[in-house]
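Working notes, structure below.
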Amino acid sequence: RTAREAKRMSLDGFTTSLLVSPYQKFDMIQTIGREAGKRHGIPFHATDFRTGWKTAQRLSRELGLYRQKYCGCIYSERDRYVRKGKT
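One gets the numbering used here by counting positions in the sequence shown from 1 and adding 14 to each.
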């Protein structure tokens with residue numbers, strides 16, 4: 015969906031915030047992003063942002079920015095509640 019929207023909006027490419035987290039499968043995300051880009055005729059920017067993760071964590075705390083403890087997908091939200099014994 016993101017690749018399609020980026021193409022529709024005439025952007026030069028697209029990416030995902032998942033590439034920031036050291037807990038995500040970078041290679042898999044990169045492969046899926048590139049495949050979506052090929053399907054829709056728009057480049058996927060697969061920059062490895064993980065090296066700045068700790069700095070981003072520190073700065074967001076210092077600046078008082080909101081940070082959720084899961085990526086936002088239904089699976090991580092479910093896992094968040096299962097770990098706490100809420101289900």
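For glycine and all other residues, C-beta sits at the position ideal for the given N, C-alpha and C.
Predicted model, so just to flag it, every value in this text is computed and none were measured.
1) What does the Cβ neighbour count give for residue 88, buried or exposed, with the cut at 16 atoms within 10 Å?
2) Residue 84 to residue 48, Cα distance in whole Å?
3) Is it right to say residue 51 is buried, meaning 16 or more other beta carbons lie within 10 angstroms of its own, or is it exposed?
4) Please list, in chain order, all residues of the same chain as residue 21 whose beta carbon is under 7 Å from its beta carbon, the five residues on each side excluded.
5) At what residues does the alpha helix (DSSP H) containing residue 20 begin and finish?
6) If you draw a straight line from the alpha carbon of residue 62 to that of residue 77, how long is it in whole angstroms?
7) What are the start and end residues of the alpha helix (DSSP H) that includes residue 41?
8) Express the C-alpha separation of residue 59 and residue 24 in angstroms, rounding to a whole number.
9) Could you round the C-beta distance between residue 33 and residue 46 to whole angstroms and report it? I think they count as a contact, below 8 Å.
In this structure, then:
1) Within the sequence shown, the letter at position 74 stands for residue 88. When all chains shown are included, residue 88 counts as exposed.
2) In the sequence shown, residue 84 corresponds to position 70, counting from 1. In the sequence shown, residue 48 corresponds to position 34, counting from 1. C-alpha separation (whole angstroms): 24 Å.
3) Within the sequence shown, the letter at position 37 stands for residue 51. By the neighbour-count rule (16 or more Cβ atoms within 10 Å), residue 51 is buried.
4) If you number the sequence shown from 1, residue 21 lands on position 7. The answer, listed in chain order, is 54, 55, 56.
5) Counting from one through the sequence shown, the residue named residue 20 turns up at place 6. Where residue 20 is concerned, the enclosing alpha helix (DSSP H) stretches over 16–22.
6) The sequence position of residue 62 within the sequence shown is 48, counting from 1. The sequence position of residue 77 within the sequence shown is 63, counting from 1. Residue 62 and residue 77: Cα-Cα distance of roughly 24 Å.
7) Within the sequence shown, numbered from 1, the residue matching residue 41 stands at position 27. Residue 41 -> alpha helix (DSSP H) spans 40–54.
8) Taking the sequence shown and counting its residues from 1, one reaches residue 24 at position 10. Taking the sequence shown and counting its residues from 1, one reaches residue 59 at position 45. Cα to Cα, residue 24 sits roughly 15 Å from residue 59.
9) In the sequence shown, the residue the question calls residue 33 occupies position 19. In the sequence shown, the residue the question calls residue 46 occupies position 32. Actually they are not in contact, since the Cβ atoms of residue 33 and residue 46 sit about 11 Å apart, beyond 8 Å.
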